[in-house]
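*Asks:*
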Amino acid sequence: MEKILFGKGENKVHLLPKMANRHGLIAGATGTGKTVSLKVLAEAFS
Numbered sequence: 288m289e290k291i292l293f294g295k296g297e298n299k300v301h302l303l304p305k306m307a308n309r310h311g312l313i314a315g316a317t318g319t320g321k322t323v324s325l326k327v328l329a330e331a332f333s
């Protein structure tokens, strides 16, 4: 499985699937993209 592009801006952020495990934390204020982040991860892992 390829690395997952998880964020971009000044720097691109990638997640290596082999480094993922059962638990994770996505935290942030209202409107910062938490739900979008979870949708990206769910699609990438399916």
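Mind the numbering: the sequence shown is residues 288 to 333 in our numbering, read in order. The beta-carbon is built from N, C-alpha and C at its ideal position, and this holds for glycine as well.
Apart from the five residues just before and just after glycine 315, which ones in its own chain have a Cβ nearer than 8 Å to its Cβ?
*Replies:* Lys321
*Asks:* Using alpha carbons as the reference points, say which of Ala307, Lys299, Gly318 lies closest to alanine 329.
*Replies:* Checking every option, the nearest Cα to that of alanine 329 belongs to Ala307.
*Asks:* Taking a contact to mean a Cβ-Cβ separation below 8 Å, would you say phenylalanine 293 touches valine 323 in this structure?
*Replies:* no
*Asks:* To which residues of the same chain is isoleucine 291 closer than 6 Å at the C-beta, ignoring the five residues directly before and after it?
*Replies:* Counting only Cβ-Cβ distances below 6 Å, and skipping sequence neighbours, we find Leu302, Ala331.
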